[in-house]
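Okay, structure first, notes after.
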Amino acid sequence: MHLAFWAFFLSLPFLLRPPQNPPGTPRVKVPDEVIILLQMLAVPLFYLNANILIPKVLKTKGVWFYLAYIALSVTAVLSINLTLRNYVFFPELPSARITTYTLFPIFFILAISTTYRTLSDYLADEQQRKELENERLRSELSFLRSQISPHFMFNVLNSIVSLSRKKSDLVEPVVIQLSDLMRYMLYESNGSRVSLDKEIKYLNNYIDLQRIRFGNDVRILFEVRNSLPNQLIEPMLLIPFVENAFKHGVGLIADPVIDVQLQGGENTLFFRVRNKVNRRFKEAKDASSGIGLPNVRRRLSLLYPDSHELLIEENDEWYEVKLTLHFTEQPLKQPAAKVALNI
Numbered sequence: 003m004h005l006a007f008w009a010f011f012l013s014l015p016f017l018l019r020p021p022q023n024p025p026g027t028p029r030v031k032v033p034d035e036v037i038i039l040l041q042m043l044a045v046p047l048f049y050l051n052a053n054i055l056i057p058k059v060l061k062t063k064g065v066w067f068y069l070a071y072i073a074l075s076v077t078a079v080l081s082i083n084l085t086l087r088n089y090v091f092f093p094e095l096p097s098a099r100i101t102t103y104t105l106f107p108i109f110f111i112l113a114i115s116t117t118y119r120t121l122s123d124y125l126a127d128e129q130q131r132k133e134l135e136n137e138r139l140r141s142e143l144s145f146l147r148s149q150i151s152p153h154f155m156f157n158v159l160n161s162i163v164s165l166s167r168k169k170s171d172l173v174e175p176v177v178i179q180l181s182d183l184m185r186y187m188l189y190e191s192n193g194s195r196v197s198l199d200k201e202i203k204y205l206n207n208y209i210d211l212q213r214i215r216f217g218n219d220v221r222i223l224f225e226v227r228n229s230l231p232n233q234l235i236e237p238m239l240l241i242p243f244v245e246n247a248f249k250h251g252v253g254l255i256a257d258p259v260i261d262v263q264l265q266g267g268e269n270t271l272f273f274r275v276r277n278k279v280n281r282r283f284k285e286a287k288d289a290s291s292g293i294g295l296p297n298v299r300r301r302l303s304l305l306y307p308d309s310h311e312l313l314i315e316e317n318d319e320w321y322e323v324k325l326t327l328h329f330t331e332q333p334l335k336q337p338a339a340k341v342a343l344n345i
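Now the structure itself:
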């Protein structure tokens, strides 16, 4: 960019040169290399203004010091220009004077260098602001994702405690399955996206643990159709809805049902979670209640700020979550998903 600009600037005298000398001026053929040399006096002025005067004088000492240095710089360039013209290249001619043609390149270069430095600083500040904002969002997402782990562990450990009290033989396979879940939480979910196949396997392991915990006391349905295994998704985005169903869909409920369905279409994922509710008894909430859904709402607002909708839909018998993701990129890439979410 700099080379292109200086090539254009040095060619200006040739592009703007009149075909004939104005009347009354000496007919002197000025060598092209002399014209280029005189034009090049503005080059150090450009970088002096852009790299020294603006950042180190204007921004630290103020406008008046900056204008004083500019005046000194312009005077120096004009003095060198006139000295070269009067005593080196054309001593036989009448002394050259400061004219519009002398001042124009200098002030043109000052204007361009000031604009260049202003835009450069603005773009650098904007880039730094975006990097800081992205870092803040990454930190917040990491914190939100880490919140899922203890919340999830509380629920699973309750399941293991329940089995151990019954002295069940299922304690050992449950612990092994829990280790698989922890491995996913610690290692697989560190990236910004995981394959949908891994997320579904994680959901299946969690639901299997709940089947072991509740046995025939709770009817648990989990159906997956056309799972889009190579599609990428934010890790642990679906589990809070399933956790919420098990947290509030069992207990003082006649014939409790947890129904989880996942279906893939053309670059589209449909996810639904339903659980029965009991309106006659008010549920006592512990200190960890309510982490899951506010967490996922915040994650959606960070990941898909302009393309998701979150609603709550419930009646006297059912509480239902419906999540629809429209993927806009090809599988195995980092998709910017368009989200429509109804709860």
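First residue of the sequence shown: 3, per this note's numbering; consecutive thereafter. For each residue, glycine too, the CB sits at the ideal point set by N, CA and C. Everything numeric in this text was worked out from a predicted model, so none of it was measured.
For residue i, the three-state DSSP class (helix, strand or coil)
| i | result |
| --- | --- |
| residue 38 | helix |
| residue 336 | Unreliable positioning characterises residue 336 in this predicted model, as indicated by a pLDDT of 49, which lies under 50. A coordinate reading is not provided. |
| residue 4 | helix |
| residue 272 | strand |
| residue 159 | helix |
| residue 245 | helix |
| residue 130 | helix |
| residue 14 | helix |
| residue 217 | helix |
| residue 135 | helix |
| residue 303 | helix |
| residue 225 | strand |
| residue 318 | coil |
| residue 298 | helix |
| residue 81 | helix |
| residue 255 | coil |
| residue 197 | strand |
| residue 233 | coil |
| residue 277 | strand |
| residue 261 | strand |
| residue 168 | coil |
| residue 121 | helix |
| residue 327 | strand |
Buried or exposed (CB count within 10 angstroms, at least 16 for buried), residue i
| i | result |
| --- | --- |
| residue 56 | buried |
| residue 290 | Per-residue confidence for residue 290 stands at a pLDDT of 47, beneath the threshold of 50, marking its modelled position as unreliable; the derived number appears in the next sentence. By the neighbour-count rule (16 or more Cβ atoms within 10 Å), residue 290 is not buried but exposed. |
| residue 64 | exposed |
| residue 107 | buried |
| residue 217 | exposed |
| residue 267 | exposed |
| residue 301 | buried |
| residue 113 | exposed |
| residue 197 | buried |
| residue 38 | exposed |
| residue 249 | buried |
| residue 327 | buried |
| residue 121 | exposed |
| residue 271 | buried |
Beta-carbon contacts of residue i that lie in its chain and below 6 Å, excluding the five residues immediately before and after
| i | result |
| --- | --- |
| residue 269 | 329 |
| residue 3 | none |
| residue 60 | 68 |
| residue 204 | 186 |
| residue 118 | 52 |
| residue 115 | 48, 51, 52 |
Neighbourhood of residue i by C-beta, 7 Å cutoff - its chain only, sequence neighbours within 5 removed
| i | result |
| --- | --- |
| residue 208 | 183, 241, 244 |
| residue 220 | 252, 258, 260 |
| residue 166 | 173 |
| residue 231 | 197, 198, 199 |
| residue 5 | none |
| residue 111 | 44, 47, 48 |
| residue 226 | 202, 264 |
Closest by C-alpha distance to residue i, when choosing among the options
| i | options | result |
| --- | --- | --- |
| residue 323 | 276, 267, 311 | 276 |
| residue 40 | 69, 90, 304, 215 | 90 |
| residue 229 | 263, 237, 210, 213 | 263 |
| residue 85 | 299, 176, 43 | 43 |
| residue 236 | 200, 218, 67 | 200 |
| residue 2 | 248, 224, 215, 202 | Absent from the structure is residue 2, since the part of the chain shown begins at 3 and ends at 345. |
| residue 223 | 278, 196, 74 | 278 |
| residue 163 | 215, 186, 232, 47 | 215 |
| residue 73 | 195, 62, 50 | 50 |
| residue 75 | 6, 105, 62 | 105 |
| residue 159 | 180, 171, 175 | 180 |
| residue 48 | 11, 211, 70 | 11 |
| residue 189 | 315, 249, 238, 327 | 238 |
| residue 80 | 254, 109, 8 | 109 |
| residue 282 | 313, 305, 319, 304 | 319 |
| residue 206 | 194, 195, 186 | 186 |
Short CB-CB distance (under 8 Å) between residue i and chain D
| i | result |
| --- | --- |
| residue 169 | No chain D appears in the structure shown, which is made up of a single protein chain. |
Same chain, Cβ closer than 8 Å to residue i, five either side skipped, listed in chain order
| i | result |
| --- | --- |
| residue 292 | Interpretation of residue 292 is limited by its pLDDT of 47, a score under 50 that renders its predicted location unreliable; the figure taken from the coordinates is listed afterwards. Taken in chain order, the list of residues that qualify is empty. |
| residue 82 | 43 |
| residue 211 | 158, 161, 176, 179, 180, 183 |
Please list the segments of the alpha helix (DSSP H) lying wholly inside the stretch 37-78, counting only runs of 4 or more residues, in order along the chain. 44-50
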